[in-house]
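Our numbering applies: residue 615 is where the sequence shown begins, and numbers increase by one. First the structure, in the form of structure tokens, and then the observations on it.
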Amino acid sequence: MFKLSILFGDGPKMEPAKIAPGFEMFEIPTEVLVSPYITHEDWENRKIELAAFGIGPIEVASHWLNKPCTTPNADWELLEFWSRRALKRLAEIGVTRAGVYGLWFPKVKGYSPMRQMDQAIRYANLMGEIAGPLGVNIMVEPMADPDTLWPTYKEGLDFVKRVDHPHVQIMADMNYFLKLNQPFEDIMLAPERCLHCHIAGDHGQPGVGDLEKTHKAFFRVLREIDYRGGVSCACPWVGTGPGEFDLTAETAKTLAYLRRLRDEVYSE
């Protein structure tokens with residue numbers, strides 16, 4: 615059975631101390647909270663802050679370096695420095711899966727498509743070589759943008775297979791499947807390669823809008839492949855009650871909603 619997870623720290627609303635208890639794992643934004651640009655001393659203080667929240671295991675990271683690797687002037691020195699320091703710091707706090715957004719693998723007009731793909735493979739291998747000895751896996755995240763090298767999940771999966779590195783795999787974001795009308799069953803093409811999932815509601819957190827049937831369909835695919843990773847709420851958060859936005863109340867509602875759907879799917 616998969617674990618229920620939540621991304622925190624990616625905006626002022628997402629204070630970890632205000633998240634309702636009960637989530638089984640957590641996701642952290644690398645560029646925001648684990649920035650390689652801060653000093654070692656500041657990083658040691660950041661680790662103390664993260665530990666003090668007492669929220670549970672931080673197993674996954676997202677929000678990678680926002681510098682593309684497919685441009686003619688790609689800064690390989692920066693890419694390597696950032697990746698090495700980021701992955702080392704993520705490993706220190708227990709992260710085992712690091713997501714890399716498809717937007718940082720853009721198609722570049724007027725530049726050789728073959729060179730773009732070669733550079734993408736080069737960077738994926740570089741990250742994998744750094745991550746492996748640290749006990750971390752890299753996950754590419756297709757994000758339904760036709761101006762990226764792998765907009766669909768199937769294309770992302772083909773890219774991962776082409777890279778052919780044991781520590782470079784893939785993640786599945788439900789919203790991006792919906793954006794391009796992709797079947798969730800594409801995850802079943804290589805279930806062992808899917809290491810993490812993102813989920814959201816309708817312009818808000820899970821439980822907002824009328825997506826219960828869609829969420830259940832997504833969960834059924836994960837059940838069929840015996841997926842044991844996380845399903846993380848990585849989404850905008852909106853208020854559904856009276857008064858000011860209350861993160862504790864909203865995350866409690868979402869957690870109850872996801873627990874109910876997961877229990878119903880696994881009891882079918």
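Heads up, the beta-carbon is just placed ideally off N, CA and C, and yes, glycines get one too.
1) Whole-angstrom Cβ separation of Pro720 and Thr684, contact assumed at under 8 Å?
2) Would DSSP call Phe602 helix, strand or coil?
3) Out of curiosity, what's the CA-to-CA distance linking Gln783 and Trp764?
4) So what does DSSP say about Tyr651, is it helix, strand or coil?
5) The alpha helix (DSSP H) that contains Gly770, what's its start and end?
6) In or out: His654 buried (at least 16 other Cβ within 10 Å) or exposed?
7) With Asn884 as the anchor, note down where its beta strand (DSSP E) starts and where it stops.
8) Less than 6 Å between C-beta atoms, sequence neighbours within five positions excluded: which residues of the same chain meet that for Gly742?
9) Taking only runs of the beta strand (DSSP E) that begin and end inside the stretch 680-768, which ones reach a length of at least 3 residues, in chain order?
10) Less than 8 Å between the CB atoms is what I'm expecting for Leu869 and His829, so what's the real figure, rounded?
11) According to DSSP, what are the bridge partners of Gly844?
12) Can you tell me whether Asp800 is helix, strand or coil according to DSSP?
13) Taking one C-beta from the stretch 839-850 and one from the stretch 800-819 each time, how about it: are there three or more such pairs within less than 8 Å?
14) Beta-carbon within less than 7 Å of Tyr612's beta-carbon, same chain only, minus the 5 sequence neighbours each way: which residues are those?
15) Using a threshold of 8 Å, state whether the C-beta atoms of Leu748 and Ser697 are closer than that.
16) Here's the rule: buried if 16 or more other CB atoms are within 10 angstroms of the residue's CB, otherwise exposed. What is Thr865?
17) Between Ile672 and Ala712, what straight-line distance do the alpha-carbon atoms span, to the nearest angstrom?
18) Determine the closest residue to Phe773 out of Gly823, Met731 and Glu691, with distance taken between C-alpha atoms.
19) Quick check: what's the CA-CA separation for Gly670 versus Lys632?
20) Quick check on Asp877: does DSSP put it in helix, strand or coil?
21) For the beta strand (DSSP E) holding Val835, just list the boundary residues, first then last.
For this structure:
1) Position 106 of the sequence shown, counted from the first residue, corresponds to residue 720. Position 70 of the sequence shown, counted from the first residue, corresponds to residue 684. Contact flag correct, Cβ pair sits at about 6 Å.
2) Nothing can be reported for residue 602, as the shown portion of the chain is limited to 615 through 882.
3) For the purposes of this step, residue 783 is taken as the residue at position 169 of the sequence shown. For the purposes of this step, residue 764 is taken as the residue at position 150 of the sequence shown. If you take the alpha carbons of Gln783 and Trp764, they lie about 13 Å apart.
4) Here residue 651 corresponds to residue number 37 of the sequence shown, with the count starting at 1. Three-state DSSP puts Tyr651 in coil, outside helix and strand.
5) Here residue 770 refers to the residue found at position 156 of the sequence shown. Here the alpha helix (DSSP H) through Gly770 covers Tyr767 to Val777.
6) The residue you call residue 654 lines up with position 40 of the sequence shown. Counting Cβ neighbours within 10 Å, His654 comes out exposed, since fewer than 16 surround it.
7) Residue 884 lies beyond the stretch modelled for the chain, which goes from 615 to 882, so this question has no answer here.
8) Here residue 742 refers to the residue found at position 128 of the sequence shown. Only Ile752, His779, His781 and Val782 meet the Cβ criterion.
9) 711-715 and 751-755
10) Translated into the one-based positions of the sequence shown, residue 869 becomes position 255. Translated into the one-based positions of the sequence shown, residue 829 becomes position 215. Wrong, their Cβ atoms sit about 13 Å apart, outside the cutoff.
11) Mapped onto the sequence shown, residue 844 falls at position 230. The partner list for Gly844 (beta bridge, DSSP) reads Lys617 and His810.
12) Stepping through the sequence shown from its first residue, residue 800 is reached at position 186. It is helical.
13) yes
14) Any question about residue 612 goes unanswered here, given that the chain covers just 615 to 882.
15) Your numbering for residue 748 matches position 134 in the sequence shown. Your numbering for residue 697 matches position 83 in the sequence shown. Taking 8 Å as the Cβ cut-off, Leu748 and Ser697 do not qualify as a contacting pair.
16) Taking the first residue of the sequence shown as 1, we reach residue 865 at position 251. So Thr865 counts as buried.
17) As a first step, residue 672 must be located in the sequence shown, where it is residue number 58. As a first step, residue 712 must be located in the sequence shown, where it is residue number 98. Roughly 11 Å separates the two Cα atoms.
18) Within the sequence shown, the letter at position 159 stands for residue 773. The option with the nearest alpha carbon to Phe773 is Met731.
19) If you number the sequence shown from 1, residue 670 lands on position 56. If you number the sequence shown from 1, residue 632 lands on position 18. Each residue's Cα considered, the two are about 13 Å apart.
20) For the purposes of this step, residue 877 is identified with residue 263 of the sequence shown, where counting begins at 1. Asp877: helix per DSSP, three-state reduction.
21) Mapped onto the sequence shown, residue 835 falls at position 221. Taken as a continuous stretch (DSSP letters only), Val835 belongs to no beta strand (DSSP E), being part of the alpha helix (DSSP H) at Glu826 to Glu838.
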